[in-house]
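**Q** The sequence shown runs 1390 to 1594 under my numbering.
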Amino acid sequence: MNTPPDSILLLGIGNLLWADEGFGVRCVEAFNAQWTVPAQVTVLDGGTQGLYLLPYLTAARRLIVFDAIDYGLPPGTLRLVENAEVPRFMGVKKMSLHQTGFQEVLASAELLGQLPEEMLLIGVQPAELDDYGGSLRPQVRARVPEAVALAVERLRAWGVDLQPAAAPSSVLNDDALALAGYEAGRPAPDEAWRMGDLRFHPDAC
């Protein structure tokens, strides 16, 4: 493949249905709402698509990916991992199937000789992953703006002309999954039991 020399993929991966697993998706959503990018930059909500992301990866010379990563650090800690460490690190402590899938995407791109030349993983240490339907925990949600700012800083270092967006530059996902709508539609605690709710475990009360 003849990849353009300035092509960049800005990718968020994760699962909105499992609390802090949605960090990567929320980061790319926030970026898309704030910034307009030139044609060489693709902004993508990769969700849990696994190998379906391979064509996007092989079409990029540079990659920035947001994700929740088990660094073994306090919840909410941001850490950057770069270049050759990205595939190796994501393979050390898998927290979910989407990470297994993305590690396979990276390995496949490398086998094809089309792994991006520069890669940056912007990861957060999650606080909670086992709450089905749950929100980002406060200490993780609070790091979304900083993660977006780190991506903006790197894109500008790569010479990308970013402009503030009057409106999202493209639709990344269904409106019902956007943060505001997703949270507004959440049932109150007395209407829907959450993971770990003692009402599931009467013997523990």
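Idealized CB from N, CA, C, for every residue including glycine.
Computed from a predicted structure; not experimentally measured.
(1) Could you name each continuous beta strand (DSSP E) segment of 3 residues or more that falls completely within the region 1478 to 1543, going from the start of the chain to the end?
(2) Under a three-way DSSP split, which group does residue 1552 fall into?
(3) What are the start and end residues of the alpha helix (DSSP H) that includes residue 1467?
(4) Excluding sequence positions up to five away, which residues of its chain have a Cβ less than 6 Å from the Cβ of residue 1512?
(5) Can you list, in chain order, the residues of its chain whose CB lies under 8 Å from that of residue 1423, leaving out five sequence neighbours each side?
(6) Report all residues from its chain with a CB closer than 7 Å to the CB of residue 1471; omit the five preceding and five following residues, and keep chain order.
(7) Using the C-alpha atoms, what's the distance from residue 1438 back to residue 1404?
(8) Span of the beta strand (DSSP E) holding residue 1452?
(9) What residue range does the alpha helix (DSSP H) around residue 1398 cover?
(10) Put residue 1426 into one of helix, strand or coil per three-state DSSP.
(11) Taking 9 Å as the threshold (C-beta atoms), are residue 1399 and residue 1414 in contact?
(12) Since residue 1435 and residue 1525 are thought to touch, with beta carbons under 8 Å apart, how far apart are those beta carbons, to the nearest angstrom?
**A** For this structure:
(1) 1507 to 1513
(2) Here residue 1552 corresponds to residue number 163 of the sequence shown, with the count starting at 1. Looking at residue 1552 - three-state DSSP - the assignment turns out to be strand.
(3) For the purposes of this step, residue 1467 is taken as the residue at position 78 of the sequence shown. Looking at the DSSP string, residue 1467 is not in any alpha helix (DSSP H); the run it does join, the beta strand (DSSP E), is 1467 to 1471.
(4) On the sequence shown, position 123 is the one that residue 1512 refers to. Once the five neighbours on either side are set aside, the close Cβ partners of residue 1512 are 1456, 1458 and 1468.
(5) Walking along the sequence shown from the start, residue 1423 turns up at place 34. Here the set comprises 1537, 1553 and 1554.
(6) Position 82 of the sequence shown, counted from the first residue, corresponds to residue 1471. Once the five neighbours on either side are set aside, the close Cβ partners of residue 1471 are 1508 and 1509.
(7) Sequence index remark: in the sequence shown, residue 1404 carries index 15 (1-based). Sequence index remark: in the sequence shown, residue 1438 carries index 49 (1-based). Distance between the alpha carbons of residue 1404 and residue 1438 is about 10 Å.
(8) Stepping through the sequence shown from its first residue, residue 1452 is reached at position 63. Bounds of the beta strand (DSSP E) holding residue 1452 are 1451 to 1457.
(9) In the sequence shown, the residue the question calls residue 1398 occupies position 9. Per DSSP, residue 1398 belongs to no alpha helix (DSSP H); it is in the beta strand (DSSP E), 1397 to 1402.
(10) Against the sequence shown, residue 1426 aligns to sequence position 37. Three-state DSSP puts residue 1426 in coil, outside helix and strand.
(11) As a working mapping, residue 1414 is identified with position 25 in the sequence shown. As a working mapping, residue 1399 is identified with position 10 in the sequence shown. Their beta carbons are not under 9 Å apart, which means residue 1414 does not touch residue 1399 by this criterion.
(12) The residue you call residue 1435 lines up with position 46 of the sequence shown. The residue you call residue 1525 lines up with position 136 of the sequence shown. 17 Å between Cβ atoms; not a contact.
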